[in-house]
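Have a look at the structure below, then the notes.
See below:
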């Protein structure tokens with residue numbers, strides 16, 4: 011009888027991102043059978059050769075994944091538990107989660123103290139462990155040189171690179187959001203717009219320098235650009251937190267009409283931890299403020315104000331040189347602990 015570790019990728023593109031932690035786990039636990047799928051594989055978990063079954067979800071706990079975990083928990087006595095590995099460093103959208111994580115998960119591997127705080131508030135009974143961002147190595151060890159990145163994404167290497175990287179925007183909110191954002195970024199010198207991976211099927215915004223993800227890129231365009239950017243412009247995305255590692259200026263887009271934005275005044279909803287970060291850089295209110303290009307120019311010339319906002323949260327970038335090892339060891343300990351309960 012063997013032990014199965016069933017890895018489920020909520021976003022298929024995360025396979026490359028999670029490869030290094032899994033490689034380490036395989037070396038630590040050579041007798042554990044690791045199988046990777048984009049959804050729950052019922053034929054796999056139904057196989058009689060497993061004495062114990064563990065599930066690792068990489069990404070977020072999507073509804074279908076939650077339903078599958080609930081079904082597995084009720085129908086398979088060999089199921090020992092589930093681990094969620096956070097795939098980003100932001101905690102600003104956890105309040106949107108509808109699944110009852112404490113009922114479905116046994117452990118969440120978080121990236122920083124802020125994700126720990128939000129879990130303690132929303133799911134106080136759920137165990138967490140701070141391991142850092144699983145793909146820290148991609149950020150600390152650039153995949154492309156600056157010259158290569160500029161050539162690939164049509165940028166001038168002699169000028170500051172301004173990276174615009176919004177989070178995922180569902181449905182009609184995306185159209186309204188971009189209608190306010192795109193006219194503002196067209197005049198920003200040496201900019202590059204890198205949409206969320208969920209936007210890969212959408213046409214790039216017109217009139218801007220937009221990064222197009224193709225098969226020659228294993229990771230998102232943002233991963234290739236982040237180490238070389240002089241500034242990041244984003245909203246509630248993890249990109250902002252990860253960029254804190256470089257101690258470079260951030261402009262936060264506030265979109266008060268965007269249903270998934272947690273604020274009208276860049277504050278988290280009532281009832282959430284008051285010590286959660288609300289401002290990591292200079293705030294620009296879409297649909298209210300004007301001339302983003304001018305704000306970019308001023309901030310690049312005098313970055314101290316933007317840097318001051320983010321300084322107290324620099325430790326929340328989630329970037330740790332050994333994060334992939336910490337994740338692998340946390341899963342190893344979880345499996346060892348669970349296997350003893352059979």
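Numbering (the working numbering), first residue to last: 11 to 352.
Think of the CB as a built atom: it goes at the ideal place given N, C-alpha and C, for glycine as much as any other residue.
Let me make sure I understand the geometry here. Which of the options has the alpha-carbon closest to that of residue i?
i           : options               : result
residue 206 : 239, 290 and 246      : 246
residue 51  : 344, 66 and 178       : 66
residue 324 : 149, 201 and 122      : 122
residue 300 : 312, 264 and 102      : 264
residue 298 : 191, 60 and 143       : 191
residue 156 : 146, 168 and 143      : 168
residue 161 : 342, 295, 221 and 92  : 221
residue 341 : 18, 232, 35 and 219   : 35
residue 321 : 312, 296, 258 and 333 : 258
residue 25  : 69, 42 and 62         : 69
residue 219 : 228, 229, 230 and 204 : 204
residue 47  : 17, 37 and 55         : 17
residue 113 : 32, 84, 302 and 313   : 84
residue 189 : 111, 159, 73 and 296  : 296
residue 87  : 62, 76 and 103        : 62
residue 21  : 58, 72 and 115        : 72
residue 64  : 166, 74, 103 and 45   : 45
residue 28  : 59, 144 and 313       : 144
residue 154 : 103, 135 and 233      : 233
residue 289 : 254, 330, 57 and 53   : 254
residue 178 : 249, 335 and 130      : 249
residue 331 : 187, 229, 142 and 133 : 142
residue 343 : 19, 38 and 187        : 38
residue 229 : 196, 103, 152 and 74  : 152
residue 60  : 308, 11, 31 and 187   : 11
residue 319 : 111, 92 and 260       : 260
Short check: CB of residue i to CB of residue j, under 8 Å?
i           : j           : result
residue 175 : residue 242 : yes
residue 262 : residue 291 : yes
residue 101 : residue 128 : yes
residue 252 : residue 327 : yes
residue 345 : residue 15  : yes
residue 239 : residue 310 : no
residue 137 : residue 117 : yes
residue 171 : residue 306 : no
residue 333 : residue 146 : yes
residue 13  : residue 55  : no
residue 126 : residue 140 : yes
residue 200 : residue 165 : yes
residue 104 : residue 79  : no
Run through DSSP, which three-state label would residue i get?
i           : result
residue 392 : Nothing can be reported for residue 392, as the shown portion of the chain is limited to 11 through 352.
residue 97  : coil
residue 17  : strand
residue 104 : helix
residue 289 : coil
residue 198 : coil
residue 143 : coil
residue 263 : strand
residue 169 : coil
residue 277 : In this predicted model, residue 277 has a pLDDT of only 42, less than 50, meaning its place in the structure is not dependable enough to derive any value.
residue 132 : helix
residue 12  : strand
residue 258 : coil
residue 163 : coil
residue 149 : helix
residue 117 : strand
residue 320 : helix
residue 155 : coil
residue 91  : strand
residue 329 : coil
residue 126 : helix
residue 111 : helix
residue 221 : coil
residue 336 : helix
residue 269 : Caution is warranted here: a pLDDT of 49 is assigned to residue 269, below 50, making its placement in the model unreliable, and no coordinate value can be reported.
residue 25  : helix
residue 315 : helix
residue 346 : helix
residue 184 : helix
residue 341 : helix
Just reading off the alpha helix (DSSP H) that residue i is part of, what are its end residues?
i           : result
residue 84  : 73-85
residue 203 : No alpha helix (DSSP H) holds residue 203; the beta strand (DSSP E) holding it covers 201-203.
residue 66  : It is not in any alpha helix (DSSP H) - residue 66 instead sits in the beta strand (DSSP E) that spans 60-69.
residue 230 : Neither: residue 230 is in no alpha helix (DSSP H) and is coded neither H nor E.
residue 38  : 29-38
residue 302 : 302-311
residue 52  : 52-55
residue 249 : 248-253
How many whole angstroms separate the CB atoms of residue i and residue j, which I take to be in contact at a CB cut-off of 8 Å?
i           : j           : result
residue 149 : residue 236 : 6 Å
residue 115 : residue 94  : 5 Å
residue 256 : residue 202 : Not a contact, Cβ separation roughly 16 Å.
Regarding residue i and the ligand PLP, is the C-beta to nearest heavy atom distance less than 7 Å?
i           : result
residue 341 : The model depicted lacks the ligand PLP and carries no ligand whatsoever.
Where do the ends of the beta strand (DSSP E) carrying residue i lie?
i           : result
residue 244 : 241-244
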